[in-house]
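Here's the structure we're looking at; comments come further down.
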Amino acid sequence: MTGTGEDGRAWGWGGIVTALAGVGVIVASGPLWPFEEADLADNAAMVARFDDTTMWWAFATQVAFTLAAFGSVLFGAGLKRRLERQCPAGSLVPMTAFLGMLLTGALSLAGCGMGTEAFHQIRNRAASDPDTVMSSVGQLGTYGWLWSGLLLTAGALAVAAFRQGAVARWIGVVSVAFGLLLAVTQLTPFQYLALMVGVPYLLVLGAAFALGRRAPA
């Protein structure tokens, strides 16, 4: 397959696709919250603000999470192969980096499922309990925490850069910076902001590996 051989870089585009899918989740989530402060104490009033376009924004989150799920696993698999060629034999770094992406991908499928649930709840809102509808929409709005698995990948790449010389040091610097930001999101009641941190991080990583200098075989 073109671009996927030993020195191929097509897998790097998986990181870019995942990042862009994350942007899609962020954009699509906005219209799911057309509420005013006065509505927040009344789920029925909140549901009444939905119109026939709202369910399609929920569907858009489903599609975006699906792209993120498969893009992240592709990127993780390619990253693992790249690191295995550059890290010392027996290093845990390649597998740790992959597991971070796999965790992000697997949990993004959960976000995909919540997008489906929210779509049907909003579509049938006239016959549904407003509390149930808003429960689904509210949960979907917090699913950015699914990207917290990137902490593993960031940590692994930092070790790969500074301890093993397996990737460029600037990638290590970027990984430390974004890893610290991800840690902050997980140590505070704002875990969903992991998505906001993960999008630029994966965009940088994806571009670096897809468009940057090839690693020696």
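Start counting at 1 in the sequence shown, then tack on 802, and there's your number in the numbering used here. Ideal Cβ positions, reconstructed from N, Cα and C, are used throughout, including at glycine.
Coarse secondary structure for residue i, derived from DSSP in three states
i	result
Leu959	helix
Cys914	helix
Thr855	coil
Met803	For Met803, the predicted structure reports a pLDDT of 38, less than 50, and the residue's modelled location is therefore unreliable. The matter cannot be settled from this model.
Ala1019	Legend: pLDDT at Ala1019 = 48, less than 50; position of this residue unreliable, no value from coordinates given.
Ala850	helix
Glu919	helix
Phe867	helix
Trp835	coil
Gly1014	coil
Tyr994	helix
Leu1005	helix
Close-in-space but distant-in-sequence residues of the same chain around residue i (CB under 6 Å, 5 per side omitted)
i	result
Gly878	Phe900, Met903, Leu904
Gly913	Phe867, Tyr945, Leu948
Gly951	Gly902, Leu905, Thr906
Beta-carbon contacts of residue i that lie in its chain and below 8 Å, excluding the five residues immediately before and after
i	result
Thr944	Gln993, Tyr994
C-alpha distance - residue i paired with residue j, whole-angstrom precision
i	j	result
Pro896	Ala846	50 Å
Phe921	Leu869	17 Å
Phe980	Val986	10 Å
Leu942	Ala830	11 Å
Met936	Val849	7 Å
Ala919	Ser938	The sequence as given places Glu at residue 919; Ala does not occur at that position. When rounded, the distance between both Cα atoms is 7 Å.
Phe852	Val865	20 Å
Ala1019	Cys889	Caution applies to Ala1019, whose pLDDT of 48 falls short of 50 and renders its modelled position unreliable; the model cannot decide the point.
Gly892	Ala956	19 Å
His1014	Arg887	The question names His, but residue 1014 in the sequence shown is Gly. Rounded to the nearest angstrom, the two C-alpha atoms are 17 Å apart.
Leu894	Gly816	22 Å
Spatially closest choice to residue i from the options, by CA coordinates
i	options	result
Leu885	Met857, Thr906, Gly913, Gln966	Gln966
Pro836	Gly940, Gly826, Arg887	Gly940
Phe1005	Arg887, Ala958, Gly873	Going by the sequence as given, residue 1005 is Leu instead of Phe. If we check each option's Cα against that of Leu1005, Gly873 comes out closest.
Ala860	Leu1007, Pro833, Val875, Leu842	Pro833
Leu876	Leu909, Ser977, Gly814, Ser930	Gly814
Ala996	Ala862, Ala1010, Ala968, Leu953	Leu953
Trp972	Leu1007, Leu909, Thr855, Trp858	Leu1007
Met857	Leu989, Ala928, Ala908	Ala928
task: Flag this pair as touching only if the region 998 to 1010 and the region 813 to 831 have three or more C-beta atom pairs under 8 Å; answer yes or no.
output: Counting Cβ pairs under 8 Å, three or more are found: they touch.
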